[in-house]
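Visitor:
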Amino acid sequence: MAIKGSVRYFSFRPYILQPLRRDVSNSIRFIALKVPLGAIACQCYRSGTYFLLSGACSANTLTTKKYLPMIRALQLLLMTTVSFATAQEQPLAASHDADRSHYLARFANVAPFIDGSSNDVAWESAQWRPLNNIWLGGPLEPTDFNGRYKVTWTEQKLYVLVEFTDDVLVDFHRDPLTQYWDDDCLEIFIDEDHSGGDHQYNHNAFAYHMSLDNRAIDIGSNKMAQEYTHHTRSQWRQQGDKVVWEISIDIYNDEYRDSADDNQPVALQVGKVMGFMLAYCDNDHSELREHFIGSEHAAGDHKDRGWIDAGLFGTLELAD
1 MAIKGSVRYF SFRPYILQPL RRDVSNSIRF IALKVPLGAI ACQCYRSGTY FLLSGACSAN
61 TLTTKKYLPM IRALQLLLMT TVSFATAQEQ PLAASHDADR SHYLARFANV APFIDGSSND
121 VAWESAQWRP LNNIWLGGPL EPTDFNGRYK VTWTEQKLYV LVEFTDDVLV DFHRDPLTQY
181 WDDDCLEIFI DEDHSGGDHQ YNHNAFAYHM SLDNRAIDIG SNKMAQEYTH HTRSQWRQQG
241 DKVVWEISID IYNDEYRDSA DDNQPVALQV GKVMGFMLAY CDNDHSELRE HFIGSEHAAG
301 DHKDRGWIDA GLFGTLELAD
């Protein structure tokens with residue numbers, strides 16, 4: 001906070017405004033401005049438009065928690081004002097970022113039993129990959145978060161094993177469809193045909209947010225969060241200072257319809273190539289998540305765009 005004359009100013013730290021980017025196109029960059037006490041503002045670099053939301057408060061209410069209702073209201077304002085115009089200006093190309101990882105997943109002769117254990121024979125030949133690209137938040141101590149993952153498959157399902165250290169696990173939001181990204185959760189991104197491109201409000205790709213109570217949440221074609229737990233089977237358990245998380249996933253293509261009751265998962269086979277990425281939302285004590293760690297490098301300022309753009313995903317190839 002700064003004082004200029006008799007007017008008090010307050011500027012938000014970047015991590016407070018970061019959640020706004022989840023609900024607007026990341027092709028627009030937002031920053032916090034110094035504004036008079038009782039107001040919040042963001043500047044849109046592309047169009048030069050200012051968005052201002054006023055609210056009466058005093059100097060002793062300058063805490064993140066006190067400002068959250070105003071931040072959430074601003075979030076909705078930005079969603080309705082900017083998202084359509086941005087989509088018209090910069091549609092996402094069906095392409096992939098440079099330097100994507102390539103994971104060769106071995107076939108499992110016996111499917112892993114989903115119980116939060118890494119003892120299944122199928123995991124023995126699967127290769128570990130790190131979960132270590134920080135998309136949101138500052139540097140991490142190994143005790144705060146340290147993660148890695150493996151992938152295997154059968155003709156019916158994809159299987160993911162994640163092992164990580166996280167010193168604090170939180171699930172503040174009991175409604176699974178509310179601020180699920182601000183709780184500790186594992187995010188699994190799958191693009192069935194490796195086509196890349198936009199999947200914000202469609203099923204060109206899926207971004208399953210796996211909660212600590214083993215629910216799978218993504219945004220549906222109605223632009224609202226909804227459950228896809230029936231696509232997955234999930235179980236995690238604490239083993240020493242580590243968490244071991246196992247998930248099986250039915251793979252659906254872009255013809256999936258939320259309103260249909262006859263969607264069928266695709267059959268998997270050797271040689272199939274899909275888009276794939278993992279991420280972990282880490283929160284220890286805050287109202288908003290503190291870190292977001294992904295399996296892929298995200299260039300530029302707008303790292304949290306996997307929920308919109310499947311071009312950020314790596315390549316997953318199914319092998320025998």
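Those letters in the sequence shown? Residues 1 to 320, by this note's numbering. Even glycine gets a Cβ: it sits at the ideal position worked out from N, Cα and C. Being a predicted model, the structure only gives us computed values, none of them experimental.
1) How is H199 classed by DSSP in three states: helix, strand or coil?
2) Using a Cβ-Cβ cutoff of less than 6 Å, which residues in the same chain neighbour S58 once the five nearest sequence positions on both sides are dropped?
3) For R148, tell me which candidate among N204, T154, Q156, E163 has the shortest Cα-Cα distance.
4) With N130 as the anchor, note down where its beta strand (DSSP E) starts and where it stops.
5) For M223, list the residues DSSP reports as bridge partners.
6) For W123, does the three-state DSSP call read helix, strand or coil?
7) Cα-Cα, which of T143, W236, T152, G300 is closest to C185?
8) By a C-beta neighbour count over all protein chains shown, 10 Å radius and 16 as the cutoff for buried, is A260 buried or exposed?
9) Expressed to the nearest angstrom, what Euclidean distance is found between the alpha-carbon atoms of N222 and A205?
10) Among N283, L131, D254, which one has its Cα closest to the Cα of A298?
11) Could you give the DSSP three-state label for H291: helix, strand or coil?
12) Shortest alpha-carbon distance to S248 belongs to which of S95, S101, A108?
13) If you drop the 5 nearest sequence neighbours on each side, which residues of the same chain put their C-beta closer than 6 Å to that of A267?
14) So W135 packs on I293, CB below 8 Å; how close in whole Å?
15) Rounding to the nearest angstrom, what Cα-Cα distance links Q238 and G300 in this structure?
16) When DSSP labels each residue in this structure, what does D182 get in the three-state scheme?
17) Measure how close the beta-carbons of P176 and E227 come, nearest whole angstrom, since I'm counting them as under 8 Å.
18) Are the beta-carbon atoms belonging to A111 and A122 less than 8 Å from one another?
19) Can you give me the start and stop residues for the beta strand (DSSP E) that H209 sits inside?
20) Only counting the same chain, and skipping five residues up and downstream in sequence, which positions put a Cβ closer than 6 Å to that of I114?
21) What would DSSP say about L278, mapped onto helix, strand or coil?
22) Could you check what DSSP says for L136 in three-state terms: helix, strand or coil?
23) From E296 to H96, what does the alpha carbon distance come to, in whole angstroms?
24) Determine whether the beta carbon atoms of F189 and G306 lie at a separation below 8 Å.
25) Assign D304 to one of two classes, buried (16 or more other C-beta atoms within 10 Å of its C-beta) or exposed (fewer than that).
Guide: On the basis of the data shown:
1) coil
2) In this prediction, S58 scores a pLDDT of 35, lower than 50, which makes its location untrustworthy; the coordinate-derived value is nonetheless stated afterwards. Contacts found: none.
3) E163
4) As written in the sequence, residue 130 is Pro, which differs from the Asn given in the question. Start and end: 129-131.
5) For the record, residue 223 in the displayed sequence is Lys; it is not Met. DSSP, once it has assigned bridges, lists no residue as partnering K223.
6) helix
7) W236
8) exposed
9) Using only the alpha carbons, I get a separation of about 15 Å.
10) L131
11) strand
12) The candidate whose alpha carbon is nearest that of S248 is A108.
13) E155
14) Rounded to whole angstroms, the Cβ separation of W135 and I293 is 7 Å, and the two are in contact under 8 Å.
15) 35 Å
16) Per DSSP, reduced to three states, the secondary structure at D182 is helical.
17) 7 Å
18) yes
19) Per DSSP, H209 belongs to the beta strand (DSSP E) from 206-210.
20) R233, Q235, E246, S248
21) In this structure, L278 counts as strand in the three-state DSSP scheme.
22) Looking at L136 - three-state DSSP - the assignment turns out to be strand.
23) 12 Å
24) yes
25) buried
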